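Structure, as structure tokens:
Numbering (the working numbering), first residue to last: 21 to 97.
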């Protein structure tokens, strides 16, 4: 119960992890306009925007992989 990484992982736990990383991607995407229209310098805006887009892309990939590997990682009910 307390060990979240011990196999077999419950399907609900994998779904929760996938949803959580997809929510992180949504927040990163929504933060880009805030950075662009902020009062910081242009170099900061460019670097932050690229970083946020990279984080969004990476977390979407992790969510996709979690959903793809769900049968392999979860209990066989």
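Where a beta carbon is used, it is the ideal one built from N, C-alpha and C, also for glycine.
In this text the structure is predicted, and so the values were computed from the model without any measurement.
Check                                                                                                                                                                                       : Outcome
Is the segment 24-38 touching the segment 50-65 in the sense that three or more CB pairs, one from each, lie closer than 8 Å?                                                               : no
Leaving aside the five residues before and after residue 94 along the sequence, list all residues of the same chain whose C-beta is less than 7 Å from its C-beta, in chain order.          : 28, 29, 30, 31, 34
Given a cut-off of 8 Å on the beta-carbon distance, is the pair residue 44 and residue 79 in contact?                                                                                       : yes
Please tell me whether residue 87 and residue 38 are closer than 8 Å, where the distance is taken between their beta carbons.                                                               : yes
By DSSP's criteria, residue 29 is part of a beta bridge. Which residues make up the other side?                                                                                             : 94
In angstroms, rounded to a whole number, what distance separates the CA positions of residue 81 and residue 67?                                                                             : 21 Å
Give every residue of the same chain whose Cβ lies closer than 6 Å to the Cβ of residue 90, excluding the five residues on either side of it in the sequence, and list them in chain order. : 34
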